[in-house]
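The structure appears right after this line, and notes come after that.
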Amino acid sequence: MSESSPSSPSCPSCQSVSVVKNGSTRHGKQNYKCRDCGRQFVENPQWQRVSERIQDTYDLLERLLLEKIPLAGIARVLKVSEKWLQSYVNHKYENVPQQVEVEPKPNAV
1 MSESSPSSPS CPSCQSVSVV KNGSTRHGKQ NYKCRDCGRQ FVENPQWQRV
51 SERIQDTYDL LERLLLEKIP LAGIARVLKV SEKWLQSYVN HKYENVPQQV
101 EVEPKPNAV
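Here the sequence shown stands for residues 1 to 109, numbered as in the working numbering.
Have a look at this one:
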């Protein structure tokens, strides 16, 4: 571990500036380690919480289902099984109201 430099970040857990370089990640980003609490971290991590990724996937799924794309293609893009996707679509279909109230448009004069 090498000594911290003036440009070293502060610890995200305890906000200590007593931080040392601690190797690098497999992606080449600099790892740091806090001398006070022992936490290892990367400056400016580029990650999302799993719940956010899942929500992003569901949002994309909803948009793709509105397009004229075969379910097999959607399953391939989203990396889900066709069986799971078909059961998801069936569940969504079951929740659609069976009787849709449509009001006729007034005739334009």
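Built from N, CA and C at the ideal position, the CB exists for glycine as well.
Quantities reported herein were computed from a predicted structural model and do not represent experimental measurements.
Segment contact: the region 14 to 24 against the region 37 to 44, three or more CB-CB distances shorter than 8 angstroms; contact assigned. For V20, the pairing in a beta bridge is given by DSSP as K33. In the structure shown, Q86 falls within a helical segment according to DSSP collapsed to helix, strand and coil. For V42, the uninterrupted beta strand (DSSP E) segment begins and ends at 40 to 42. Rounded to whole angstroms, the gap between the alpha carbons of L78 and P45 is 24 angstroms. Taking a 10 Å sphere around the C-beta of A72, we find fewer than 16 other C-beta atoms and assign the residue as exposed. Taking all protein chains in view, the Cβ of A75 is crowded by 16 or more other Cβ atoms within 10 Å, so the residue is classified as buried.
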